[in-house]
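Working notes for the structure below.
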DNA sequence: TCCTAACTTGGACTTTGTCCAAGTCAACAC
DNA sequence: GTGTTGACTTGGACAAAGTCCAAGTTAGGA
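Protein chains in written order, with our numbering: chain A, 1 to 137; chain B, 138 to 274.
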């Protein structure tokens with residue numbers, strides 16, 4: 001993710017301290033933070049950053065394809081910086097913990113043409129749910 | 138769904154006019170309504186039904202396994218009465234239309250033990266996305 | 001160093017959902 | 001049929017998550 005900022009600058013992004021901090025907070029492969037969590041961590045480094053800017057920046061990163069938005073439940077969306085390697089999510093129904101997982105095969109291939117109803121289908125998102133070792137079976 | 142009410146009564150549910158109306162609104166195989174849409178349709182038949190009761194009743198139907206909750210995006214949850222036949226969802230990124238679809242095989246089987254991290258995995262939910270015929274390719 | 005369009009800010013506002021005390025009523029007993 | 005009672009419903013207050021906007025600030029090119 002360290003070169004993310006350079007990549008974005010190449011795309012005409014204006015590099016502000018706020019955007020830099022948000023990108024730094026999201027750095028790492030296995031992070032799935034809510035917007036509020038991002039804001040809290042960003043505030044630790046840049047006390048005056050506003051919620052609106054965090055939302056704006058996350059929205060831009062998603063639009064640019066650098067971050068994935070994950071709507072795991074009806075609650076807050078989570079932001080996943082691991083956008084450059086296909087993966088799915090495994091979520092604990094007990095505590096909400098999220099892991100990136102890599103199932104076999106391409107889930108898109110499982111949907112036959114007859115079940116596509118004329119749609120141009122582009123993505124298949126799989127959410128596995130269960131109980132993590134801590135939450136017991 | 139017409140026998141749903143009888144089934145619920147057998148489970149000790151008190152059969153009120155409000156619950157009957159909510160169940161009737163959800164009747165049908167290919168409905169994916171938000172709580173507010175359910176409330177709007179319920180109000181047409183029973184003007185004084187409250188939002189709280191609609192939320193309560195939907196929550197109970199979900200807990201009883203008669204209705205599925207579908208969190209397709211970060212917006213309102215949708216309620217799917219087609220709970221007794223396994224299926225997945227295909228969503229148009231343009232207009233939000235939702236279709237029930239039936240992919241080949243069991244998506245759960247695609248997740249190898251090594252990718253389960255000790256979780257007891259019980260469900261796999263697949264969301265296909267793309268553009269419907271009306272929204273064009 | 002200046003200029004300006006782009007960015008940020010705080011607060012008001014919206015949407016979606018939850019909670020609660022008070023009132024109502026379905027179902028059972030008689 | 002009537003009475004009783006605990007379960008159900010109601011409206012309104014509240015909360016969480018996110019959007020919007022006018023005013024102020026600033027990155028980066030000239």
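Idealized CB from N, CA, C, for every residue including glycine.
Which of helix, strand or coil DSSP assigns to residue 197 (chain B): Helix at residue 197 (chain B).
Extent of the continuous alpha helix (DSSP H) to which residue 259 (chain B) belongs: Taken as a continuous stretch (DSSP letters only), residue 259 (chain B) belongs to no alpha helix (DSSP H), being part of the beta strand (DSSP E) at 257-268.
Member of A:31, A:35, A:27 and A:48 whose CA lies at the smallest distance from the CA of residue 17 (chain A): A:48
Applying the 10 Å Cβ sphere with the 16-neighbour rule, what's the burial state of residue 65 (chain A)? exposed
Just confirm the distance between the C-beta atoms of residue 100 (chain A) and residue 82 (chain A), as a whole number of angstroms; I'd bet it's less than 8 Å. 6 Å
Taking residue 157 (chain B) as part of the alpha helix (DSSP H), name the residues at either end of that continuous run. 154-163
For residue 171 (chain B), the three-state DSSP class (helix, strand or coil): Three-state result, residue 171 (chain B): strand.
Smallest Cα separation from residue 97 (chain A): which of A:23, A:14, A:6 and A:32? A:32
Residue from A:127, A:79 and A:115 whose Cα sits closest to the Cα of residue 248 (chain B): A:127
According to the neighbour-count rule (16 or more other Cβ atoms, all chains shown, within 10 Å of its Cβ), is residue 12 (chain A) buried or exposed? exposed
What number of angstroms, rounded off, separates the C-alpha of residue 217 (chain B) from the C-alpha of residue 6 (chain A)? 45 Å
For residue 117 (chain A), tell me which candidate among B:255, B:193, B:251 and B:270 has the shortest Cα-Cα distance. B:270
What whole-angstrom Cβ distance do residue 131 (chain A) and residue 92 (chain A) have, given they're in contact under 8 Å? That pair is a contact at about 6 Å.
Strictly under 8 Å for the Cβ-Cβ distance: is residue 79 (chain A) near chain B by that measure? When Cβ-Cβ separations below 8 Å define contact, residue 79 (chain A) makes no contact with chain B.
Using CA atoms only, rank isn't needed, just tell me which of B:209, B:191, B:195 and B:214 is closest to residue 171 (chain B). Residue nearest to residue 171 (chain B) within the set B:209, B:191, B:195 and B:214 is B:214 (criterion: CA-CA distance).
With 16 other Cβ atoms within 10 Å as the buried cut-off, status of residue 122 (chain A): exposed
Under three-state DSSP, which class holds residue 70 (chain A)? strand
If I measure Cβ to Cβ from residue 181 (chain B) and keep anything under 7 Å in the same chain, skipping five residues before and after, which residues do I get? none
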